[in-house]
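Chemist: Numbered per my numbering, the sequence shown spans residues 488 to 639.
Glycine included, every Cβ here is placed at the ideal spot set by N, Cα and C.
A quick note: this is a predicted structure, and the numbers were derived from the prediction, not measured.
First the structure, then my questions, so here it is.
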Amino acid sequence: MKFVKESVIAASAETVFAFHERPDAFSLLQPPWQKSEIIQPPTSLAVGTKVILRTKVGPLWQTIEAEHVAYEPGKMFADRMNKGPFASWLHRHVVTPRGPRACTLTDDIELELPLGALGRIFGEGFARRELTRLFAYRHEVTRAACEEKTAS
């Protein structure tokens, strides 16, 4: 399954990428409706950086372990889920300049649901709705933080 969320943000690409490099960015991007506990926050966006969190998926708590697998400073970083609710997960975060005071933020995710064909048949609609809600929230948080900084 492929999921892509793009937003134009009225802030420079440098400002938006710098937001993602902040030590508190990962915690700021956690939505309030999602019960999660950050066990090991990312220390940077560099390749090899690990993130561990526990999150409630339905009635069950699951541990999610991800590792940053690509990093182009100022442009993109990517993480791969090594343990968690999906059979596979690769998430690319891309910031593309659109002039000096605007950029496009793209979250590009390739994932496989668990249980093969059954997961695709019964879970894809739910997964897509949840990802749409999650990334709408994350893009709004990013927009508010970066556009506010630009306005200052």
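Over what stretch of residues does the alpha helix (DSSP H) that includes S514 continue unbroken?
Modeler: First-last of the alpha helix (DSSP H) with S514: 512-515.
Chemist: Cβ of S494 less than 8 Å from any chain D Cβ?
Modeler: The chain inventory of the structure shown lacks chain D, comprising one protein chain alone.
Chemist: Quick check on DSSP: helix, strand or coil for K543?
Modeler: It is a strand residue.
Chemist: Could you tell me which uninterrupted beta strand (DSSP E) segments, each at least 3 residues in length, are contained entirely in the stretch 551-627, listed from first to last along the chain?
Modeler: The qualifying runs are 563-570, 575-584, 590-599.
Chemist: Could you tell me how far apart the beta carbons of E524 and K537 are, in whole angstroms, since I believe they sit closer than 8 Å?
Modeler: About 16 Å separates the two Cβ atoms, so there is no contact after all.
Chemist: Determine, using beta carbons only, whether E634 and A497 come nearer to each other than 8 Å.
Modeler: Yes, Cβ-Cβ distance for E634 and A497 is below 8 Å.
Chemist: With 16 other CB atoms within 10 Å as the buried threshold, where does T619 fall?
Modeler: It is exposed - the Cβ of T619 has fewer than 16 other Cβ atoms within 10 Å.
Chemist: Straight-line CA distance for I526 to I539?
Modeler: Looking at the two C-alpha atoms, the distance is approximately 5 Å.
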